[in-house]
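Presented below is the structure to which this report refers.
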Amino acid sequence: MSGRVALAALLLAAAPAGASASEPAAVDPALGTTPLADPALEAKAMRLMHELRCLTCQNQSIADSNADQAEAMRALVRSRIAAGEAPEAVRADLVARYGDWVSFRPALRTDTLALWAVPALALLAGGLVARRLFR
Amino acid sequence: MIPSPAELGHLSLWLAAAAALVMAAAPVRPALVGLARPAAVAHGLLLLCAYAAMTHAFLVSDFSVSLVATNSHTAKPLLYRLTGVWANHEGSMLLWVLILGVAGLAVALARMPLGETFRARTLGSLGVVALGFLAFLLFASNPFARLDPAPPEGMGLNPLLQDPGLAFHPPTLYVGYVGLVVAFALAVAALLDGKVGPAWARATRPWVTLAWAFLTMGIALGSWWAYYELGWGGWWFWDPVENAALMPWLAATALLHSIRVLETRDALRNWTLMLAIAGFTFSMLGTFIVRSGLLTSVHAFAVDPTRGLFLLVLLLGLTGWALLVWALRAPKVAEGARFAMTSREGVLVVNNLLLMALLAIVFIGTLYPMALEAWNGRQISVGPPYFNATTVPLIVLLAVLMGVGPFLAWKRGTTSGLSRRLLLPGLVATASAGAMLALFGVSGLLALLGVAASAWLAVASLQLLLRRGLTFGRAGTALAHLGVAVSILGATASGALQREALVSIPLGDGFALSGFTVTLDDVAPRAGPNWTALEATLSVTRDGAPVATLRPQSRTYTSPPMETTEAGIAMWRAGDLYAVLGKPDGSGRWQVHFWVKPLIHFIWWGAVLMALGAVVALGGALRLGALARRRRALPAPPAAVPLPAE
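Here's what the structure looks like:
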């Protein structure tokens, strides 16, 4: 665990330098603890913040954590949602920066296909068992 | 020289292992069968001795015992010295085998209508499991390891664990796990005998029912603790450790229902045995996931490779053995009576399949990140968005069927009168969802479905409770189902109607949230027996009238040094106002996280109802009030067993 936390801290420390060039919206640090004035935008930001992992915490979302890191990420999310970016674009950007680990919603890819197919497969298998039993 | 209690405890553990060996060997030869019971009694008593010795070491703060030195402290309150025995890795495994030993004692001493050979075989399986755990304790994590010289003071208990909610969470959960181990041992004995039928189901059902009640309460306690102690505002995060306890619960829920079918109709024999084995497998997996740290991080596994490897080998050995017995013997067991789809059995089968689908989702979702990392090195997170999207629709479907099932007849599909019975639940469900939409503006499809399903199930369960000729069995079913409805309502409403604010404000300032006005009156230092804290005073008003004063703390414990957040919580109607104090920003502003959580208590009250329902259901076909009525009416023979009412 500590190795992962250290790695995350390193990545976060290195992030601003590398990311500033492509940063579309300036991050207002106050937004880490201040909700957006527009309730619709705030709700949008909140939904996304509940699905992003606080990288320095033990399995907590950035919406739930009091850690500095979570606050910085909340500021980033709110700033960019306020600037009119789509939540999924913000998520994609954070995933590009910190890796898949940061998003609690696993992306649908070839190597996560099995994960997302499980519910359907389980129901299908159940249906087959039921058909055999009731025939 | 008199040996110290700790050494006697260590010796008891070795002797218990010898007794477990006798238990495991007894059923192999007919000449040894008579040894099974005395061995099980000795095994149980020896483990009680070992556990008492460990408790003694914690009570008198014997820091020559390594476990006490690393997990206790002389300043620790008495209650947490007692519960501190199991608030660590070795001690919790010791508690696990103790409960297994006591369960073996109960099996050895209880009435056994299925015969002594059957009892010996049951005890034999328990002996095998006990041997595995005792070997792990003695060779890989000995709780009685000593330190020489003994340190003058201990390092103390993790302050998050110094809490009544968590203190009693592990024993409750472990009783549930061990209950499922006994159900498994009974299933293995049945497979070996080839006698799987109503008599076996009758003997096994109380174990499954009690195991399920304890698992339910254990999970609820853990969730409640996480809610009020961890200060993150949630009650379930689909964390691997939570899922580890949920998986055996799902298997036990399915087993609880299929064993009822087996008892009443002599159907679903193989399926029931398979579920008993699944319940055991997931109990093992649950114990190991939590104790090996395997899932929270792949890296923690490498920290202590011997221990992790030992657990993995033990897990594979025990579950492999379980599955092997099933694979070898199950084909010899006929599946039993047939039935129609629209019978009560039919709905119970569909309920079982949905529960298994849920189990598969939780299992894959929990293990997938680890498997993927091992496969291609990518680290992904599978969190609440995945689990909520995949499980909630199935839970809603389950709730709908749970409302229908108890009204159906056994064996054949007569649906007459069903639509009349379901009219009221249907109307109330529609009205509730409509009210959520119109009055509270909740438009999420899953939230509306959750409220509708909960209302449907609640009304159907109450109808069941009010029908004439109520038996303990039916009352238990109705109460447990009502509990599920209550929990679903709590989970849905506290999520959909939750309001939260995360602000940074100076003293004397405040903020407004959905009709409430919250003011930060004060932040002052506080001190407890082994901690100091900063405590905020937040006054909450609604329409100008005071509602509550919340006092969240940011605590610093001294031994071991650790910072925790203590949420400030006040009941408001059937929900909570919940506040967490964050850090100061250096310019006189404090971070405050505030939530309004309507109906959140329903989640845990529902779990209490479920467990209560399970206990009531143990009364079976006995009619409520039948005893009193008989005593009044006629001097009937006391041994008369009432006929099954259904």
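So the sequences go chain by chain: A and B. Under the working numbering, think of the first position of the first sequence as 1, with each following residue one higher. Under the working numbering, think of the first position of the second sequence as 1001, with each following residue one higher. Cβ coordinates follow ideal geometry from the N, Cα and C atoms, glycine included.
First through last residue of the beta strand (DSSP E) which encompasses T1565(B):
Counting along the chain, the unbroken beta strand (DSSP E) around T1565(B) starts and ends at M1562 to E1566.
Helix, strand or coil: which one does DSSP assign to M1112(B)?
DSSP places M1112(B) in coil when its eight states are reduced to three.
Among R91(A), H50(A) and A120(A), whose alpha-carbon lies nearest the alpha-carbon of W1232(B)?
H50(A)
Grab the span of the alpha helix (DSSP H) containing E71(A) for me, first residue to last.
D68 to A82
Same chain, Cβ closer than 6 Å to G1127(B), five either side skipped, listed in chain order:
A1020, M1023 and A1024
In whole angstroms, give me the CA-to-CA distance for L1123(B) and R1205(B).
17 Å
Cutoff 8 Å; reference R1081(B); Cβ partners in own chain excluding five residues on either side:
F1058, L1059, S1061 and S1072
What did DSSP end up calling I1569(B) once you bin it into helix, strand or coil?
strand
Look at the alpha carbon of G1084(B) and the alpha carbon of A1167(B), and state the distance between them as a whole number of angstroms.
8 Å
Assign H1089(B) to one of three DSSP states: helix, strand, or coil.
helix
Rank V1392(B), V1459(B), T1471(B) and R1499(B) by C-alpha distance to the C-alpha of F1440(B) and give the top, closest one.
Scanning V1392(B), V1459(B), T1471(B) and R1499(B) for the CA closest to the CA of F1440(B) turns up R1499(B).
What whole-angstrom Cβ distance do W1249(B) and F1387(B) have, given they're in contact under 8 Å?
The pair is not a contact, with the Cβ atoms about 15 Å apart (cut-off 8 Å).
Where does the unbroken beta strand (DSSP E) through P1152(B) begin, and where does it stop?
That residue, P1152(B), is in no beta strand (DSSP E); it is neither H nor E in DSSP.
Which residue or residues does DSSP assign as beta-bridge partners of A1512(B)?
Answer is T1517(B), bridged to A1512(B).
In whole angstroms, what is the alpha-carbon distance linking A1300(B) and S1559(B)?
Caution is warranted here: a pLDDT of 43 is assigned to A1300(B), below 50, making its placement in the model unreliable, and the coordinate value is therefore given only provisionally. So the two alpha carbons sit approximately 24 Å from each other.
Assign L48(A) to one of three DSSP states: helix, strand, or coil.
helix
Using 8 Å as the threshold, is the region 1179–1199 of chain B in touch with the region 1325–1338 of chain B, meaning 3 or more CB pairs across them?
yes
By Cβ distance, which residues of its chain are closer than 8 Å to A21(A), with the 5 residues on each side in sequence left out?
Bear in mind that the predicted position of A21(A) carries a pLDDT of just 41, short of 50, making it too unreliable to give a figure here.
Compute the distance between the beta-carbons of L1105(B) and V1181(B), then report whether it is under 8 Å.
By the CB criterion at 8 Å, L1105(B) and V1181(B) fall outside the cutoff.
Listed in chain order, which residues of the region 1379–1404 of chain B have Cβ atoms closer than 9 Å to some Cβ of chain A?
Q1379, I1380, S1381, V1382, G1383, P1384, P1385, Y1386, A1389, T1390, T1391, P1393 and L1394
Have a look at the DSSP bridge pairing and note the partners of T1556(B).
T1532(B) and E1563(B)
Suppose contacts are defined by Cβ-Cβ distances below 8 Å. Is R1344(B) in contact with L1408(B) by that definition?
Yes, Cβ-Cβ distance for R1344(B) and L1408(B) is below 8 Å.
Using the Cα positions of I1603(B) and A1491(B), report the straight-line distance between them to the nearest angstrom.
For I1603(B) and A1491(B), the distance between alpha carbons rounds to 6 Å.
Thinking C-beta only, is P1331(B) closer than 8 Å to L1497(B)?
In this structure, P1331(B) does not lie closer than 8 Å to L1497(B) by Cβ.
Only counting runs of 4 or more residues, tell me where the alpha helix (DSSP H) segments fall wholly within the region 1337–1404 of chain B, in order along the chain.
1344–1376 and 1384–1404
So, is V1503(B) buried or exposed, given that buried needs 16 or more other C-beta atoms within 10 angstroms?
buried
Selection from G127(A), I81(A) and L123(A) that minimises the alpha carbon distance to D38(A)
Of G127(A), I81(A) and L123(A), the residue nearest in Cα terms is I81(A).
For a test of the three-state rule: what should DSSP assign to T1063(B), helix, strand or coil?
Reading off the sequence shown, one finds Phe at residue 1063(B), where the question assumed Thr. Note: F1063(B) maps to coil in three-state DSSP.
Report the neighbours of V129(A) on chain B: residues whose CB is nearer than 7 Å to its CB, in chain order.
L1353
Comparing the C-beta of G84(A) with each C-beta of chain C, is any distance below 8 Å?
Of the protein chains in this structure, namely A and B, none is chain C.
Within the chosen definition, does the region 1546–1555 of chain B reach the region 1570–1585 of chain B through at least 3 CB pairs nearer than 8 Å?
Of all C-beta pairs linking the region 1546–1555 of chain B to the region 1570–1585 of chain B, three or more are shorter than 8 Å, placing the two stretches in contact.
Contact criterion: CB-CB distance below 8 Å. Does R91(A) meet it with respect to chain B?
It does not; no Cβ of chain B falls within 8 Å.
Buried or exposed for S103(A), please, with buried defined as at least 16 other CB atoms from any protein chain shown within 10 angstroms of its CB.
buried
Determine the closest residue to K1411(B) out of I1488(B), E1242(B), V1523(B) and L1268(B), with distance taken between C-alpha atoms.
L1268(B)
For S1141(B), which of R1623(B), L1013(B) and G1346(B) has the nearest alpha-carbon?
Of the candidates R1623(B), L1013(B) and G1346(B), the one whose C-alpha sits nearest the C-alpha of S1141(B) is L1013(B).
Look up P1003(B) in the DSSP assignment and say whether it is helix, strand or coil.
It is coil, neither helix nor strand.
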